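Adding 10 to a residue's 1-based position in the sequence shown gives its number in the working numbering.
Each residue gets a CB set at the ideal place from its N, CA and C atoms; glycine is no exception.
These numbers come from a predicted model, not from an experiment.
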Amino acid sequence: MLGGVENHSLPRAAAFFDLDKTVIAKSSTLTFSKSFYQGGLINRRAVLRTAYAQFVFLAGGLDHDQMERMREYLSSLCRGWNVRQVREIVAETLHDLIDPIIYDEAASLIEWHHTAGRDVVIVSTSGAEVVEPIGELLGADRVVATRMVVGEDGCFTGEVAYYAYGPTKAEAVRELAASEGYDLDRCYAYSDSATDLPMLRAVGHPHAVNPDRTLRREAVARGWPVLEFRRPVPLKKRLPRFGVPPRPALVAVAAVGAAAATAGLVWYAGRRRSAPA
């Protein structure tokens with residue numbers, strides 16, 4: 011699978027990575043729930059619900075309807091949260107929470123793509139307050155993530171400005187290709203979820219990683235490679251082996267993943283509303 015260095019006389023190319031269960035072993039946003047509780051952003055009950063949602067996510071993920079309920083509900087959850095406080099909490103706990111759950115296989119792929127001369131772009135439904143620091147930790151060149159409105163007081167207004175999900179991920183990939191000169195036929199994409207089929211179809215080299223049932227069926231039908239990532243290894247254990255620190259993220263499509271950190275509460279609330287009396 012691993013090939014040589016890009017011929018730089020050819021058009022540029024990139025590798026687009028979904029984040030959760032593709033690059034890291036858990037939900038990036040749910041992982042921060044305890045930290046947000048300690049920072050006073052969510053209560054103890056929400057922490058327990060997000061822990062349950064993390065279990066559900068790892069067992070089989072969230073389907074389209076549950077993701078839509080998440081989007082609708084997160085605006086009310088994050089309203090009034092101070093953006094600076096969210097960023098500080100993520101920065102303080104990033105290495106302890108995220109570093110140990112990065113898949114060794116994904117980190118190797120990121121390094122291979124950089125060695126081959128390709129940009130690495132993280133494309134995640136979570137938001138920039140969570141995804142952007144993770145992208146920097148991974149050495150990604152760009153980040154695309156959900157964006158929410160921040161008021162003049164520096165707090166989230168509760169309005170969603172951009173939702174990086176499904177077809178909008180594919181649109182972001184095409185827009186980056188146009189602005190950065192990527193040849194999509196020579197680009198790569200990696201995801202675990204069938205909701206990212208539009209993004210995978212947008213590139214010449216799609217890969218299913220730890221795929222859900224729908225994506226696995228689609229990948230087999232289309233002849234796409236199916237990868238199984240199973241080895242989370244802290245980056246600090248990898249760096250001496252490769253001899254270079256991660257490259258900093260250069261560009262971010264801003265967002266607020268902190269609100270999605272309460273995704274478990276969103277999912278739980280949606281189930282409670284839809285459950286029979």
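DSSP three-state assignment for residue i, whether helix, strand or coil
{"i": "Pro110", "result": "helix"}
{"i": "Asp30", "result": "strand"}
{"i": "Arg89", "result": "coil"}
{"i": "Pro173", "result": "The sequence shown places Tyr at residue 173, rather than the Pro named in the question. In this structure, Tyr173 counts as coil in the three-state DSSP scheme."}
{"i": "Gly50", "result": "coil"}
{"i": "Ala101", "result": "helix"}
{"i": "Gly168", "result": "strand"}
{"i": "Arg35", "result": "Reading off the sequence, residue 35 comes out as Ala, not Arg. Ala35: coil per DSSP, three-state reduction."}
{"i": "Ala259", "result": "Confidence in Ala259 is poor, its pLDDT being 41 and thus under 50, which makes the residue's placement unreliable; the coordinate value appears in the next sentence. Ala259: coil per DSSP, three-state reduction."}
Contacting residues, own chain, Cβ-Cβ under 7 Å from residue i (five flanking each side not counted)
{"i": "Gly214", "result": "Leu194, Asp195, Arg196, Cys197"}
{"i": "Pro208", "result": "Gly176, Pro177, Lys179, Ala180"}
Identified DSSP bridge partners for residue i
{"i": "Leu237", "result": "Val219"}
{"i": "Tyr198", "result": "Ala25, His215"}
{"i": "Pro242", "result": "Tyr113"}
N- and C-terminal bounds of the alpha helix (DSSP H) containing residue i
{"i": "Val183", "result": "177 to 190"}
{"i": "Arg211", "result": "207 to 211"}
Cβ neighbours of residue i in the same chain (closer than 8 Å, five flanking residues each side left out)
{"i": "Arg184", "result": "Leu194, Ala212"}
{"i": "Ser203", "result": "Asp28, Lys31, Gly71, Pro221, Asp222, Leu225"}
{"i": "Arg240", "result": "Tyr113, Glu115"}
Range covered by the beta strand (DSSP E) that runs through residue i
{"i": "Ser134", "result": "129 to 137"}
{"i": "Ala150", "result": "From DSSP, Ala150 is part of no beta strand (DSSP E); its letter is neither H nor E."}
Own chain partners of residue i with C-beta closer than 6 Å, once the 5 adjacent residues on each side are dropped
{"i": "Leu29", "result": "Ser38, Ile132, Ser134"}
{"i": "Tyr200", "result": "Phe27, Thr32, His217, Val219"}
Short CB-CB distance (under 8 Å) between residue i and chain D
{"i": "Tyr173", "result": "In summary, chain D is missing from the structure at hand, where a single protein chain is found."}
Contact test: residue i Cβ vs the ligand GDP heavy atom, cutoff 7 Å
{"i": "Ser203", "result": "This structure lacks the ligand GDP, and indeed carries no ligand of any kind."}
Determine, using beta-carbon pairs with one atom in the stretch 85 to 99 and one in the stretch 156 to 172, whether at least three such pairs fall under 8 Å. yes
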